[in-house]
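**Q** Residue numbers (the working numbering): 67 to 442.
The structure that follows is given in the form of structure tokens.
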Amino acid sequence: MSYTILNNAPFRADVVGSFLRPDKLKNARNLHRQGLLDAAGLKAVEDECITDLIGKQIKHGLRGITDGEYRRSFWHQDFFWGLGGIRKVAGASGYKFAGIETRNETSGICGKITGHNHPFVEHFKFVKQFESKGYGLVARQTVPAPSQLLSTLLNVRKNEEPCHYQDFYASLDDLITDLGAAYRQVFTDLYNAGCRSIQLDDCTWPVLCDTSKVESLGLNVDELASRYLQANNEALKDKPADLAICTHICRGNYRSHFFSSGSYDRVAKYVLAQENVDGFYLEYDDERSGSFEALKAVPQDKRVVLGIITSKRPELEDLKALEARVHEAAEYFPLDNLCVSPQCGFASTEEGNELTENEQWAKVDLVVELAQRIWG
């Protein structure tokens, strides 16, 4: 059997995007926080470390290249803070993961939300230059999904300050309209900078799949799911045909700890069936993920990346068992439109997961070997 050659993300062997920060970068960021290293000095270290990282991504067989999120502290907050109308605040508490709590920085609203001159555009331009280092390389920009910011502003998890969006917007619909427009502005600026691959990272949906969280937080699943879908699709309106935008649906990843559990079944009719993206990166690395049956909701002209290799633990999965899982998923979704990856990034925050850099690259090598074994 011959398989389709994929010229843009998702690729057969893919990654979610974040990588462990090297000690040199961690030290530079600490010095910068203490006022002992200026912004130019920090950027020089970031540039050096990102250059080295991209070389390693290419060496280990990846076609989608990222900056590893090396210029960020959080996978999501740094992007939010770059939007107009959003401010950095100290939350009442951090996010409560299983067995650990995150740092307590979060986001609040301070005006009309806009997306002009977002710093991530300049971040992307640095990565773009490395596409010339090999045939078929595609520079990718990862950003948190609009629904993630909406969830934060609405204080859905009860650990952030209330949005008070009524101070600036007559209705929630008006807020979502501006949120979508701000994201479209960022997407346009990225596109004009040569970006053809954007990944939306989204932890909102798995919270709605976690029965214990829904009950403890008193969430109206259908109402929130409708609003999340509205926000994401508002941002995706008028997307250029040659710009691949995919969503990574994440159950949380902080220092190898997770945030939520549950299968995608509860929200599949919303996000998997109706979100206007080109594909989905889905976590399927352990029993918390449920079965592959939810894949039946994904339109068959999209792609699905099976995150069946964990980025949380160093132990390598069995290659034959992984191959069997891919073929099990193919009972619900076409094999030719499937890809494989780790279930999440290796460092959603600068602290990183509990594994070494060598163990990280061994996971990447396993992803590449698995894809070659299945699709050649």
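Every residue gets a Cβ at the ideal spot worked out from N, C-alpha and C, and that includes glycine.
So what does residue 265 bridge to, in DSSP terms?
**A** Answer is 208 and 312, bridged to residue 265.
**Q** Buried or exposed for residue 213, please, with buried defined as at least 16 other CB atoms from any protein chain shown within 10 angstroms of its CB.
**A** Buried: at least 16 other Cβ atoms inside 10 Å.
**Q** Compute the distance between the beta-carbons of residue 375 and residue 283, then report whether it is under 8 Å.
**A** In this structure, residue 283 does not lie closer than 8 Å to residue 375 by Cβ.
**Q** Quick one: complete beta strand (DSSP E) runs, 3+ long, within the stretch 123 to 161?
**A** With a minimum length of 3 residues, the continuous beta strand (DSSP E) runs that stay inside the stretch 123 to 161 are 150 to 156.
**Q** Based on Cα-Cα distance, which residue from 118, 278 and 404 lies nearest to residue 134?
**A** Residue 118 is the option with its Cα nearest to residue 134.
**Q** On the DSSP letters alone, give me the boundaries of the alpha helix (DSSP H) that residue 270 sits inside.
**A** Where residue 270 is concerned, the enclosing alpha helix (DSSP H) stretches over 270 to 275.
**Q** With H, G and I counted as helix, E and B as strand and the rest as coil, what does DSSP make of residue 185?
**A** Three-state result, residue 185: helix.
**Q** Unbroken beta strand (DSSP E) runs of length 3 or more, entirely within the stretch 335 to 391: which are they?
**A** Listed in chain order, they are 345 to 349 and 369 to 375.
**Q** Can you tell me whether residue 403 is helix, strand or coil according to DSSP?
**A** Residue state, collapsed to three classes: helix.
**Q** Would you call the CB atoms of residue 311 and residue 272 closer than 8 Å?
**A** No, the Cβ-Cβ distance between residue 311 and residue 272 is not below 8 Å.
**Q** Between residue 185 and residue 142, is the Cβ-Cβ spacing less than 8 Å?
**A** Their beta carbons are not under 8 Å apart, which means residue 185 does not touch residue 142 by this criterion.
**Q** Taking 7 Å as the cut-off, is the CB of residue 86 close to at least one heavy atom of the ligand MG?
**A** For the structure depicted, the ligand MG is absent and the ligand set is empty, with no information on it obtainable.
**Q** Within 10 angstroms of the Cβ of residue 76, are there 16 or more other Cβ atoms? Answer buried if so, exposed if not.
**A** Counting Cβ neighbours within 10 Å, residue 76 comes out buried, since at least 16 surround it.
**Q** Where do the N-terminal and C-terminal ends of the beta strand (DSSP E) with residue 180 fall, by residue?
**A** Looking at the DSSP string, the run of the beta strand (DSSP E) that includes residue 180 is 171 to 180.
**Q** Is the stretch 244 to 260 touching the stretch 179 to 199, taking contact as three or more C-beta pairs under 8 Å?
**A** Cβ pair count under 8 Å is three or more, so yes.
**Q** DSSP state of residue 236, grouped into three classes?
**A** Coil.
**Q** Does DSSP put residue 415 in a helix, in a strand, or in coil?
**A** Note: residue 415 maps to strand in three-state DSSP.
**Q** Where DSSP assigns a beta bridge to residue 408, which residues make up the other side?
**A** According to DSSP, which records beta bridges pairwise, residue 408 is partnered with 375.
**Q** Do residue 329 and residue 357 have their C-beta atoms closer together than 8 Å?
**A** In contact: residue 329 and residue 357 (Cβ atoms closer than 8 Å).
**Q** Across the stretch 412 to 426 and the stretch 80 to 94, are there enough close Cβ pairs to call them in contact, namely three or more that are closer than 8 Å?
**A** Cβ pair count under 8 Å is three or more, so yes.
**Q** Rounded to a whole number of angstroms, what is the C-alpha to C-alpha distance between residue 302 and residue 342?
**A** Near 7 Å, if we compare the C-alpha coordinates of residue 342 and residue 302.
**Q** Please classify residue 391: is it buried, with 16 or more other beta-carbons within 10 angstroms of its beta-carbon, or exposed?
**A** That one is buried.
**Q** Using DSSP bridges, identify the partner residues of residue 79.
**A** In the DSSP output, where bridge partners are listed per residue, residue 79 has 406.
**Q** Let me see if you follow: with CB-CB separation under 8 Å, is residue 393 close to chain C or not?
**A** Reference to chain C is not applicable here, since this structure consists of a single protein chain.
**Q** Measure how close the beta-carbons of residue 412 and residue 377 come, nearest whole angstrom, since I'm counting them as under 8 Å.
**A** Correct: roughly 5 Å between the Cβ atoms.
**Q** Within the continuous alpha helix (DSSP H) that includes residue 333, where are the two ends?
**A** That residue, residue 333, is in no alpha helix (DSSP H); it is neither H nor E in DSSP.
**Q** Pick helix, strand or coil for residue 87, following the three-state DSSP scheme.
**A** Reduced to three states, the DSSP call for residue 87 is coil.
**Q** From residue 369 to residue 395, what distance separates their C-alpha atoms?
**A** Roughly 12 Å between the two C-alpha positions.
**Q** If we ignore side chains and look at the alpha-carbon of each, how far apart do residue 364 and residue 241 end up?
**A** Those two C-alpha atoms are separated by around 28 Å.
**Q** Could you check if residue 144 is buried or exposed, using at least 16 other CB atoms within 10 Å of its CB as the buried criterion?
**A** Buried is the call here.
**Q** Could you give the residue range of the alpha helix (DSSP H) that holds residue 304?
**A** Run containing residue 304: none; DSSP gives neither H nor E here.
**Q** Is DSSP giving residue 397 helix, strand or coil here?
**A** Three-state result, residue 397: coil.
**Q** In whole angstroms, what is the alpha-carbon distance linking residue 280 and residue 288?
**A** Roughly 11 Å separates the two Cα atoms.
**Q** Would you call the CB atoms of residue 373 and residue 414 closer than 8 Å?
**A** No, these two residues do not count as a Cβ contact at 8 Å.
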